[in-house]
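Residue numbers (our numbering): 200 to 414. See below for the structure under consideration.
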Ligand code: NAI
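Put into structure tokens, the structure is as follows:
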């Protein structure tokens, strides 16, 4: 897809939600769904959904709707979820351990190989079956294992150093939880996660109930 007909980031950010709902429908044994029904589930309008999916060739049929299994598989492919990604975590504290403990990421194809930390009390321990290793060994480990994604759960002061190691070692993407703006080359994909933005939005609506629209 070239630059002119590139799909907008806003549309891309909606795809995981469609994918999640379609996964739930699949589990329930639903074979097909209309854009109106999908609209009720997702909160997006039916025409929005049709437009979004048309960006990728439109999988629906007039009068039939969408085949749930097919659309789920197609969206999975579009999202790159038909592959396995090798990942590591830098920072084996509260959040790093929580991510390592959550089996759902592995099940979705994000295989965590190891955690890295600089605290000697943590190095050598295991989270489930995953080793916590010395961060000094991380660069070598990433190169040897051809790791695709580096996760950052260190304090913000150390986040740039970790990102630099990741980039030197050849990771392609960084999932950054530290509240730090990372400086990286254009060819490195960084996805920042800020749980407190969501929490502060909740706080806003608690204080402005009349403006709340369920999404
Ligand atoms: P924590 O203090 O429990 O864990 C941080 C770990 O990083 C410690 O084990 C420490 O030894 C390790 N560390 C420090 N420097 C390092 C280095 N250079 N190399 C390797 N390991 C190093 O902290 P917690 O609660 O797990 O938070 C981790 C990060 O995640 C913080 O930056 C925090 O602000 C952020 N955070 C972000 C959230 C979000 O929504 N994005 C939510 C919660 C925390």
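Glycine included, every Cβ here is placed at the ideal spot set by N, Cα and C. This structure is a prediction, so every number in the text was calculated from the model and none was measured.
Measure the Cβ-Cβ separation of residue i and residue j and say whether it is below 8 angstroms.
i: residue 368; j: residue 354; result: no
i: residue 313; j: residue 294; result: no
i: residue 210; j: residue 253; result: no
i: residue 392; j: residue 373; result: no
i: residue 404; j: residue 410; result: yes
i: residue 213; j: residue 251; result: yes
Residues in its own chain within less than 7 angstroms of residue i by CB, not counting five upstream and five downstream?
i: residue 308; result: 280, 282, 283 and 284
i: residue 338; result: 364, 367 and 368
i: residue 208; result: none
i: residue 231; result: 263, 264, 265, 266 and 267
i: residue 317; result: 334
i: residue 225; result: 267, 268 and 271
Can you list, in chain order, the residues of its chain whose CB lies under 6 angstroms from that of residue i, leaving out five sequence neighbours each side?
i: residue 323; result: none
i: residue 347; result: 284, 285 and 371
i: residue 243; result: none
i: residue 240; result: 220
i: residue 340; result: none
i: residue 361; result: 289, 351 and 353
Buried or exposed: residue i, going by 16 or more other Cβ atoms within 10 Å of its Cβ?
i: residue 289; result: buried
i: residue 375; result: buried
i: residue 297; result: exposed
i: residue 331; result: buried
i: residue 399; result: exposed
i: residue 334; result: buried
i: residue 349; result: buried
i: residue 385; result: exposed
i: residue 201; result: Bear in mind that a pLDDT of 47 at residue 201, under 50, signals an unreliable position, so the model cannot answer this.
i: residue 206; result: exposed
i: residue 306; result: exposed
i: residue 315; result: buried
i: residue 412; result: exposed
i: residue 394; result: exposed
i: residue 401; result: exposed
Who pairs with residue i in a beta bridge, going by DSSP?
i: residue 310; result: 285
i: residue 214; result: Answer is none; residue 214 lacks a bridge partner.
i: residue 389; result: 373
i: residue 403; result: None, per the DSSP bridge assignment.
i: residue 329; result: 326
i: residue 232; result: 265
i: residue 419; result: In the structure displayed, the chain extends from 200 to 414; residue 419 sits before or after that span and is not available.
Which residue marks the beginning of the alpha helix (DSSP H) containing residue i, and which one marks its end?
i: residue 253; result: 245-253
i: residue 317; result: Element bounds for residue 317: n/a, residue is neither H nor E.
i: residue 382; result: Looking at the DSSP string, residue 382 is not in any alpha helix (DSSP H), and its letter there is neither H nor E.
i: residue 359; result: 355-368
Tell me the residue span of the beta strand (DSSP E) that contains residue i.
i: residue 336; result: Careful: residue 336 lies outside any beta strand (DSSP E) and carries neither H nor E.
i: residue 349; result: 348-351
Who are the near neighbours of residue i in its chain, counting only those whose CB is closer than 8 angstroms to its CB and skipping five residues on each side?
i: residue 218; result: 271, 274, 275, 278 and 280
Residues whose Cβ lies closer than 7 angstroms to any heavy atom of ligand 2, in chain order: Of the ligands this structure carries, namely ligand 1, none is ligand 2.
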